[in-house]
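In our numbering, the protein residues as written are 82 to 222.
Just so it is clear, CB atoms sit at the ideal spot from N, CA and C, and this is done for glycine as well.
These numbers were taken from a predicted model, which means no experiment stands behind them.
What follows is the structure, given as structure tokens:
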């Protein structure tokens, strides 16, 4: 394997896109989608002031609008039941005074994106929702 290929694989592994397995059938394998990887990249860009929180919020709103549209078109009764249970659970927590706004945001938008039945949209929405949750936790405990 060339040096350039080894460096490329090392970079992909460090960024969390692949993992290297050691065994008879070992080698590089693509990891399951991890929205935290993208959230880390966007968070780093925010800290470096390469992007603004307004841009992150705008992208999240645009993606959420598409997720809602696709969820309405593609969602199953099981998807809608899960969203309804989540809403009911949050209402109960609010009545009990135990409602955590930032945790709710991440879970609700995860369910919404799942109902859209698009893996890429799910990862993007989850990444930006997690980042939004962290920003809310930072400014408003």
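- In the assembly as shown, residue 108 is an exposed residue. Its beta-carbon has fewer than 16 other beta-carbons within 10 Å.
- In chain order, 167 place their CB closer than 7 Å to the CB of residue 188, counting only its own chain and leaving out the 5 sequence neighbours on each side.
- At a Cβ-Cβ threshold of 7 Å, residue 209 and residue 152 do not count as neighbours.
- Inclusion of residue 216 and residue 144 in the CB contact set at 7 Å is not warranted, their separation being larger than that value.
- In the structure shown, residue 91 falls within a helical segment according to DSSP collapsed to helix, strand and coil.
- Per the coordinates, the alpha-carbon of residue 200 lies some 21 Å from the alpha-carbon of residue 185.
- With respect to residue 148, residue 197 sits close: the two C-beta atoms are nearer than 7 Å.
- Taking C-alpha positions only, residue 88 is separated from residue 121 by approximately 21 Å.
- Beyond the five residues adjoining it in sequence on each side, residue 105 comes within less than 6 Å, by CB distance, of no other residue in the same chain.
- In terms of Cα proximity to residue 146, the closest of 178, 214, 212 and 203 is 203.
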